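A.B. asks: I'd like to ask some things about the structure below.
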Amino acid sequence: MSSTPDLTASQEDYLEAIYHISAKKMAARAKDIAERLGVRGSSVTGALRSLGALGLINYAPYDLITLTGKGKVVAEEIVKRHSALERFLVNVLGIDEKEADEAACKMEHAVPKPIIERLAKYSEYVEKCPKGGVSWESGFGYYCKQGCTTEDCQRCTAEDQQV
383 MSSTPDLTAS QEDYLEAIYH ISAKKMAARA KDIAERLGVR GSSVTGALRS
433 LGALGLINYA PYDLITLTGK GKVVAEEIVK RHSALERFLV NVLGIDEKEA
483 DEAACKMEHA VPKPIIERLA KYSEYVEKCP KGGVSWESGF GYYCKQGCTT
533 EDCQRCTAED QQV
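To convert a position in the sequence shown, counted from 1, into this note's numbering, add 382.
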């Protein structure tokens with residue numbers, strides 16, 4: 383999925399957290415990371431050591447944590463995957479934003495990059511295509527809640543042709 387050594391899902395989560403915290407505060411502290419990820423400080427220390435050893439972060443105990451150039455590239459890739467998945471879940475499937483964020487966080491580690499890229503393209507298509515849009519999305523929402531038969535779909539397309 384990336385041009386770096388294989389990272390665990392947990393390591394990717396730490397990089398993503400450092401990326402987001404650094405975007406707001408210029409650097410992260412272990413306490414900030416622990417709060418964002420909902421883990422204990424001792425877990426953070428071990429993860430930071432391993433990411434530091436991989437050359438992805440600048441880390442020294444009790445000091446501010448920053449991404450290296452390589453770490454920033456990897457973190458941006460992780461954030462991009464997460465964003466593409468979340469956008470697909472929200473804009474195409476109509477999933478609640480909070481639920482989509484949580485699902486995207488799990489999926490970003492498992493779904494291969496070419497599939498994520500394809501989902502992102504599909505999201506763009508749905509958003510930009512003049513035959514898509516609100517009516518298509520509301521129709522899909524109705525289908526998810528009510529279901530429909532082949533006859534329902536044929537009747538709907540026949541109505542579209544008459545207009």
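C-beta atoms are modelled at their ideal positions from N, C-alpha and C, and glycine is treated no differently.
Bear in mind that the values here come from a model prediction, so they are computed numbers and not experimental data.
Should Gln536 be counted as a contact of the ligand ADP given a C-beta to heavy atom distance under 7 Å?
C.D. replies: Annotation note on the ligand ADP: not contained in the displayed structure, which lists no ligands.
A.B. asks: Could you name the residues of the same chain whose beta carbon sits closer than 8 Å to that of Tyr396, not counting the 5 residues immediately before and after it, in chain order?
C.D. replies: Ile415, Leu419, Val426, Ala429, Leu430, Leu433
A.B. asks: Quick one: give me the first and last residue of the alpha helix (DSSP H) that Tyr444 is part of.
C.D. replies: Unbroken run through Tyr444: none, as it is neither H nor E.
A.B. asks: Quick check: the region 481 to 495 against the region 463 to 470, are at least 3 beta-carbon pairs closer than 8 Å?
C.D. replies: Touching, per the Cβ criterion.
A.B. asks: Can you give me the C-alpha to C-alpha distance between Ile498 and Ile403, rounded to a whole angstrom?
C.D. replies: Our two residues, Ile498 and Ile403, have alpha carbons roughly 24 Å apart in a direct line.
A.B. asks: Helix or strand or just coil, what does DSSP make of Ile477?
C.D. replies: coil
A.B. asks: I'd like the ranges of any alpha helix (DSSP H) spanning at least 4 consecutive residues and lying wholly in the region 391 to 426.
C.D. replies: 391 to 407, 412 to 419
A.B. asks: Would you please state the rounded distance, in angstroms, between the beta carbons of Glu490 and His464? I believe it to be under 8 Å.
C.D. replies: 5 Å
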